[in-house]
Amino acid sequence: MAVIEVKDLRKTFVRPDGTELHVLNGINTKIVKGEKIAVIGPSGSGKSTFLRCLNRMEEPTSGTITFNGEDITSPSCNINLVRRKMCMVFQHFHLFPHLTVRKNLTLAPVDLKLMTQEEADAKAHELLSRVGLADKIDEWPDRLSGGQKQRVAIARAMAMNPEVLLFDEPTSALDPEMIGEVLDVMQELADLGMTMYLVTHEMGFAYKIANRVLFIDKGIISEEGTPDEVFNHPKQPRTVEFLSKVLRR
Amino acid sequence: MLWIVGAFLLYLLWESGFFTAEAWSDFNRRFYQNFVKDDRYMMLVDGLNSTLFMTAGATVIGVVVGLILSVIRVAYKGGVHIPILNKFAEMYITVLRGTPAMVQLLIWNFTIFASARDLNTQYIAILAFGLNSGAYVAEIFRGGIESIDPGQMEAARSLGLTYGSSMRHVILPQALRNVVPMLFNEFIALLKETSIAGYIGIDDLTRAGQNIQALTLEHSQPLVMVAIIYLIMVMVLSKLVKKLEQWLSRGRR
Amino acid sequence: MKKFFALLLVLALCSCAFADGEKLKDTDQLKTERLAAQRGTVGQLIAEDLLGDKKAELLTTYEKYVDAVAALRQGKIRAVIMDEMPAKRFVNEVDGLAIMEKPLTEESYAIGFKKGNTELVSQVNKILSEMKADGTLAAIMAKYIDGDYSSVKPADIDFNKGAKGGKLYVGTEAGFAPYELKIGNGFIGIDVEMCAHIAKKLGKELAIINMNFDSLPTAVSTGKVDMICAGITVTDERKENMDFSDNYVTGAKQVALIRADDYEK
């Protein structure tokens, strides 16, 4: 059964001058448990907006999104409960700078009464070990490198025991030498069977990790398929053009 | 430049006989009259007590009111729409910042609390100054909250935290850290502003100086003494703010 | 730098300038001079009458007598219009002041009440007439006017603390010796002792509320205080806004306080 099912998702921003900007123009897709979907596309294509609609960081203008059969776009849905199960990793990490790494990981589970502080501490230690940062547990975020911050951010999302992880360009803000360490952590999560949506510009990584690739252009999924189909045998001219640009080096 | 001016002023003072023995003994006599005789300095001490008491009380009210107002205003923008509360907060800030503290003080004392005669007038002043300061503190807090990267709120909400929890655990602690210096400056301003409390019959530090003036009919010494006391307090507090700023920025790159 | 010295020079010249001109001889001269009064007092009304339509230009009102007298000594103004009693005190305590001999007016003092508070007015009037008849009032006056009141201590005045009848709130401006003066934490003065006596007769405790003179009418009309007693002169305009007791002082002279070196008797 599909974990997330998206039907005719549309998103329109109204600019301050009253004109409308149609960012998503009817997205239809689903993800099943354990699947890893890479979302690629030119900048401004709406791929980040699509991801942010999934946990309603952006309010969809129309269309439905169901999560485990529940319509999360309906007013009666408690989105806070959904977000616990569908955590997000941001391009700019957004660690809480006034809290130590430990507190960054334990704040939400403890505040939401999902764990006691002791349980959350143990969990934090386990997750930080997994991302290779166990020694940084009492460090302040400002003292970490970009790659370390993103690994902490991933651990923070994992601390909620989510069913789905949403990655919004997780390596775009990193110095090149730090990208590898973050991708390694994500690869490990993928190997453990985590269900993942990944918006990325790392085509090599998308090729390696994804079961399926969505190419979003002008607010719709213009091409979709296995990495082999999309990267090696693209059918749409826009896809060909995009790939030729990003894969040129 | 400063030396020349200083030397010139000294010369003027010398010419006017400031350094003569008579002038010095006159100064001493007046000092005795104003502050020593009958323990008159105690009037200043009592006044200082009153000034500090009002400032402290108004500070507490100001912070609480300011915090509540700023959260209402920010929450309204952040998607928690309670129009009545927001309208109220907006009006509150507009009115209290748009009218002189002095006028507010008089209205509180002579109109709103006209019949509350057994109430210590100092409490009315604390309320007036506190609510007034709250409007300014609200804007300080709002600035502090809005200076926090919106990503912080998104990150907190994306973990399933409610808006309130995110505010309390993530946004406000960071905002507070940013605004502490400005808050302290507001309270230094408040300390000086309480000098208008004399208008509703409170013998604060300024009024104590005026009371000594009325006793001794001497104009300058009591006022200068009052000014010196204010200045010392403000300088000490400013020093504290500096120290606090250093302490707050510790451990940050 | 040059500008700065030029500025100093101008200031120095200005400070000499006021010494020129003819000296004051008669109160009529005051009609074209810079005058000052305490805000809200009858002195202000008299000064306004004297100056006529030049009052906006020539009259300065101050919150406190001390401020007005300081301005006088600095030459910013030429005369302060005020009650004779406090004026005498200034002449005694401060160098270089004089009172113009011819008084401007003679006034009567009374206690002010909220308009329509006839019950309290008649009670107080009854007590006042008793005080006048049995010499209590005269004794209080004598203590302050003829004697040296520096020996009077606030603690000596019986405020009837803890009286069963509650408190009698009296508004005043305690910078008007010998009528009211704040000493330390307490008050002395003719008005204070008189009100203490009135409070006692009413079976109440006296509570003195010290405020600026121009706040007193507001305080009594809003009910902040029961009555105001601060050497208040009865005028027709004031009668429209509040009720007054019988006079307890008559013939209180309003005088012009000036610099001694500016006076040619």
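Residue numbers (the numbering used here), protein chains in the order written: chain R, 165 to 413; chain E, 138 to 390; chain P, 53 to 317.
Think of the CB as a built atom: it goes at the ideal place given N, C-alpha and C, for glycine as much as any other residue.
Please read all numbers here as calculations on a predicted model, not as lab measurements.
- If you draw a straight line from the Cα of P:Met137 to the Cα of E:Ala251, it comes to about 33 Å.
- Taken in chain order, the complete alpha helix (DSSP H) segments of 4 or more residues contained in the segment 294–366 of chain E are 300–303, 309–330 and 342–353.
- For the C-beta of P:Arg141, the chain E residues within less than 9 Å are, from N- to C-terminus, Leu354.
- Among the residues facing chain P, E:Arg254 is included, as its CB has a counterpart in that chain under 8 Å away.
- Under the 8 Å criterion on CB atoms, P:Lys234 is classed as interfacial with respect to chain E.
- Counting only unbroken stretches of 4 or more residues, the alpha helix (DSSP H) elements lying wholly within the segment 378–412 of chain R are 401–410, in sequence order.
- The continuous alpha helix (DSSP H) containing R:Met367 extends over residues Met367 to Ile373.
- Taking a Cβ-Cβ cut-off of 7 Å, R:Asp381 has no neighbours in chain E, whose nearest Cβ is about 26 Å from it.
- Contact residues of the segment 300–312 of chain E toward chain P are absent (C-beta to C-beta distance below 8 Å).
- Scanning its chain for C-beta atoms nearer than 8 Å, with the 5 sequence neighbours on each side dropped, one finds around P:Gly95 the residues Ala89, Val132, Ile133, Met134, Asp135 and Gln306, in chain order.
- E:Phe250 has no beta-bridge partner at all, per DSSP.
- For the pair E:Val274 and E:Val200, the CB atoms are nearer than the 8 Å cut-off.
- For R:Cys251, the neighbours in chain E by C-beta distance under 9 Å run, in chain order, Ser295, Leu296 and Gly297.
- Here E:Asp340 has Met180, Asp183, Gly184, Ser187 and Asn348 as same chain residues with Cβ atoms under 8 Å from its own Cβ, once five neighbours each way along the sequence are excluded.
- Closer than 8 Å to the CB of P:Lys216 there is not a single CB belonging to chain E.
- For R:His397, the closest Cβ of chain E is not nearer than 8 Å.
- In this structure, the CA atom of P:Thr302 is about 10 Å from the CA atom of P:Val286.
- Taking 8 Å as the threshold, the shortest C-beta distance from P:Ile151 to chain E does not fall below it.
- Secondary structure of R:Glu234 (DSSP, three-state): strand.
- CA-CA distance, R:Ile301 to R:Ile343, rounds to 21 Å.
- Taking C-alpha positions only, R:Thr176 is separated from R:Thr228 by approximately 15 Å.
- Interface with chain E (8 Å Cβ-Cβ cutoff): P:Val118 is included.
- Look at R:Leu276: its C-beta is under 8 Å from a C-beta on chain E.
- At least one CB atom of chain R sits nearer than 8 Å to the CB of E:Gly288.
- When secondary structure is reduced to three states using DSSP, P:Leu220 falls in the strand class.
- C-alpha of P:Gly168 to C-alpha of P:Ser174: approximately 11 Å in a straight line.
- Among the CB atoms of chain R, one or more fall inside 8 Å of the CB of E:Arg314.
- In summary, P:Asn144 is exposed, with fewer than 16 beta-carbon neighbours lying within 10 Å of its beta-carbon over all protein chains present.
- Relative to the Cα of P:Lys107, the nearest Cα in the group P:Val272, P:Ala123, P:Tyr196 and P:Ile129 belongs to P:Ile129.
- Counting only Cβ-Cβ distances below 7 Å, P:Ile261 has contacts in chain E at Gly338, in chain order.
- Among the bridge pairs identified by DSSP, R:Val203 is matched with R:Val363 and R:Leu378.
- In the three-state reduction of the DSSP assignment, R:Val246 falls in the helix class, which pools H, G and I.
- Bounds of any beta strand (DSSP E) do not take in E:Thr231; it lies within the alpha helix (DSSP H) bounded by Pro220 to Gly235.
- Considered as a whole, the segment 295–333 of chain R harbours 328–332 as its complete beta strand (DSSP E) runs of no fewer than 3 residues, in chain order.
- Counting along the chain, the unbroken alpha helix (DSSP H) around P:His249 starts and ends at Ile242 to Lys253.
- Using a CB distance below 8 Å, no part of the segment 82–95 of chain P faces chain E.
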